[in-house]
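J.: For the sequence shown, the numbering used here puts the final residue at 365, and the numbers step up evenly by one.
One structure is given below, represented as structure tokens, and several questions about it will come after.
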Amino acid sequence: MDSLLDPTALQTLWFGLIAFFFLGYFVLEGFDFGVQMNVAASWRRGPGTRGTILKTVGPVWDGNEVFLITGGALLFAAFPEWYATLFSGFYLALLLLLLVLIVRVCAFKWRDKVDDPRWTRAWDVVHVIGGFAPALLWGVAMANIVAGVEIDANHWVTTSLLGLLTPFALLGGVVFVLLFWLHGTLYLALKVTGQLREVANRRAAILVWPTIAAAAAYLLWNQLAHAHASWTWVPLVLAAAALVAVVPLNRRRREGLAFAATATAITGAVVALFGGLYPYVLPSTGDPANSLTVANASSSEHTLTVMLVATAILLPLVLAYTVWTYRVFRHRITDEEGPAPGSQLLARAKQSYREAFDQE
Numbered sequence: 006m007d008s009l010l011d012p013t014a015l016q017t018l019w020f021g022l023i024a025f026f027f028l029g030y031f032v033l034e035g036f037d038f039g040v041q042m043n044v045a046a047s048w049r050r051g052p053g054t055r056g057t058i059l060k061t062v063g064p065v066w067d068g069n070e071v072f073l074i075t076g077g078a079l080l081f082a083a084f085p086e087w088y089a090t091l092f093s094g095f096y097l098a099l100l101l102l103l104l105v106l107i108v109r110v111c112a113f114k115w116r117d118k119v120d121d122p123r124w125t126r127a128w129d130v131v132h133v134i135g136g137f138a139p140a141l142l143w144g145v146a147m148a149n150i151v152a153g154v155e156i157d158a159n160h161w162v163t164t165s166l167l168g169l170l171t172p173f174a175l176l177g178g179v180v181f182v183l184l185f186w187l188h189g190t191l192y193l194a195l196k197v198t199g200q201l202r203e204v205a206n207r208r209a210a211i212l213v214w215p216t217i218a219a220a221a222a223y224l225l226w227n228q229l230a231h232a233h234a235s236w237t238w239v240p241l242v243l244a245a246a247a248l249v250a251v252v253p254l255n256r257r258r259r260e261g262l263a264f265a266a267t268a269t270a271i272t273g274a275v276v277a278l279f280g281g282l283y284p285y286v287l288p289s290t291g292d293p294a295n296s297l298t299v300a301n302a303s304s305s306e307h308t309l310t311v312m313l314v315a316t317a318i319l320l321p322l323v324l325a326y327t328v329w330t331y332r333v334f335r336h337r338i339t340d341e342e343g344p345a346p347g348s349q350l351l352a353r354a355k356q357s358y359r360e361a362f363d364q365e
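Shown next as structure tokens:
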């Protein structure tokens with residue numbers, strides 16, 4: 006199958022598609038993580054309120070993970086050398102991330118299976134970990150990708166696990182935690198009513214300031230020290246302006262626009278990071294000749310062309326389904342002070358069982 010694009014353009018297009026899927030994942034799953042972080046912030050309000058917080062992402066969290074699954078699969082197929090080198094150097098960190106994401110799924114599925122406060126409380130703790138830990142790990146991983154690691158001639162990462170915890174990487178982890186927490190808090194304010202809505206708005210008003218400070222330091226550091234392009238100042242400024250806009254929007258309780266602003270900030274930040282990384286996919290901090298680029302890390306032209314055709318067919322379906330899902334579940338949740346989710350349903354089931362048993 007002949008390609009309409011030359012190899013360089015095809016490789017660049019696929020780099021952009023990989024960035025797009027990770028952008029979609031960070032924007033959508035980012036507020037899932039932030040909502041889970043709010044379980045910790047609302048711990049004293051009881052299991053009913055914590056359950057209501059989790060209900061806001063209950064219908065959509067698993068659909069949001071489609072972007073990660075698809076992005077990872079496309080990364081493996083389009084840039085196998087990049088995929089292999091990442092796992093050779095970040096194996097323990099990525100294994101920990103995968104473990105947290107798996108246990109996080111169990112927390113969503115099992116929290117309401119048993120009508121026991123201790124059971125519910127234990128899974129709420131897992132939800133808190135499932136919010137903070139992935140955000141931190143993603144921030145550290147992205148910072149190391151854009152800053153580079155030590156790579157040998159065989160494209161093996163020789164940087165140790167502790168060597169990945171540089172000041173820049175740790176700042177990246179903090180930025181991802183704060184940005185996702187703010188993003189999720191504004192989503193929570195958009196999805197609930199009553200006192201919990203006001204609590205979320207007040208919390209967002211506090212979170213926005215450290216988020217602006219940390220994100221500004223991180224993105225400026227990246228732009229001045231690690232970016233390979235000057236045009237990425239544009240998305241950087243866009244991200245900064247969007248974050249600053251959250252302040253007046255939150256004060257006026259324009260929750261939809263405030264949430265859109267944090268989504269725009271995440272978009273600008275991801276574009277600045279991936280745009281500054283290009284044409285590299287994983288720079289070498291040792292010998293620059295060992296760096297991975299879109300040219301030496303990609304699959305064959307034929308493979309990229311076949312994948313592009315398949316993506317052109319399937320991607321619109323994924324986007325359409327995502328939009329439809331959010332439209333269906335666009336309404337606010339009102340039972341913030343009610344019992345823990347599932348408890349009433351379980352009580353009715355038990356009562357029905359007793360009545361059936363008595364009739365026999």
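Just so you know, even glycine gets a beta-carbon here, dropped at the ideal spot from N, CA and C.
Secondary structure at residue 298, three-state DSSP: helix, strand or coil?
T.: Here residue 298 refers to the residue found at position 293 when the sequence shown is read from its first residue. Strand at residue 298.
J.: To the nearest angstrom, report how far apart residue 298 and residue 288 are at their CA atoms.
T.: For the purposes of this step, residue 298 is identified with residue 293 of the sequence shown, where counting begins at 1. For the purposes of this step, residue 288 is identified with residue 283 of the sequence shown, where counting begins at 1. The alpha-carbon atoms of residue 298 and residue 288 are separated by roughly 8 Å.
J.: To the nearest angstrom, report how far apart residue 342 and residue 217 are at their CA atoms.
T.: Position 337 of the sequence shown, counted from the start, is the residue given in the question as residue 342. Position 212 of the sequence shown, counted from the start, is the residue given in the question as residue 217. Residue placement at residue 342 cannot be trusted, given a pLDDT of 44 that sits under 50; the coordinates are not used to answer.
J.: Roughly how far, in whole angstroms, is the beta-carbon of residue 197 from the beta-carbon of residue 338, given that I think they are within contact range, below 8 Å?
T.: Indexing the sequence shown from 1 puts residue 197 at position 192. Indexing the sequence shown from 1 puts residue 338 at position 333. Right, the Cβ-Cβ distance comes to about 5 Å (below 8 Å), so this counts as a contact.
J.: With H, G and I counted as helix, E and B as strand and the rest as coil, what does DSSP make of residue 65?
T.: Working through the sequence shown from its first residue, we reach residue 65 at position 60. Of the three classes helix, strand and coil, the one that applies to residue 65 here is coil, per DSSP.
J.: Between which two residues does the alpha helix (DSSP H) carrying residue 285 extend?
T.: Working through the sequence shown from its first residue, we reach residue 285 at position 280. First-last for residue 285: 285-287, but that is the beta strand (DSSP E), not the alpha helix (DSSP H).
J.: Do you know whose CA, among 335, 323, 310 and 329, lies nearest residue 13's CA?
T.: Working through the sequence shown from its first residue, we reach residue 13 at position 8. Closest by alpha carbon: 310.
J.: Assign residue 252 to one of three DSSP states: helix, strand, or coil.
T.: By one-based count along the sequence shown, residue 252 stands at place 247. Here residue 252 sits in helix by DSSP.
J.: When the Cα of residue 97 is compared with those of 52, 290, 35 and 166, which residue comes out closest?
T.: The residue labelled residue 97 in the question sits at position 92 within the sequence shown. Of the listed residues, the one whose Cα sits closest to residue 97 is 166.
J.: Taking only beta-carbon positions, decide if residue 234 is within less than 8 Å of chain C.
T.: Of the protein chains in the structure, only one exists, and it is not chain C.
J.: Within 10 angstroms of its Cβ, does residue 292 collect 16 or more other Cβ (buried), or is it exposed?
T.: Here residue 292 refers to the residue found at position 287 of the sequence shown. So residue 292 counts as exposed.
J.: Closest to residue 149 by C-alpha separation, out of 335, 80 and 91, would be which residue?
T.: The count along the sequence shown starts at 1 and reaches residue 149 at position 144. Among 335, 80 and 91, the Cα nearest to that of residue 149 is on 91.
J.: To the nearest angstrom, report how far apart residue 252 and residue 296 are at their CA atoms.
T.: Within the sequence shown, the letter at position 247 stands for residue 252. Within the sequence shown, the letter at position 291 stands for residue 296. Near 41 Å, if we compare the C-alpha coordinates of residue 296 and residue 252.
J.: Just to confirm, is the Cβ distance from residue 243 to residue 273 under 8 Å?
T.: For the purposes of this step, residue 243 is taken as residue 238 along the sequence shown, with counting starting at 1. For the purposes of this step, residue 273 is taken as residue 268 along the sequence shown, with counting starting at 1. Yes, the Cβ-Cβ distance between residue 243 and residue 273 is below 8 Å.
J.: If we count the other Cβ atoms within 10 Å of its Cβ and call it buried at 16 or more, is residue 193 buried or exposed?
T.: Within the sequence shown, numbered from 1, the residue matching residue 193 stands at position 188. Flag for residue 193 reads buried.
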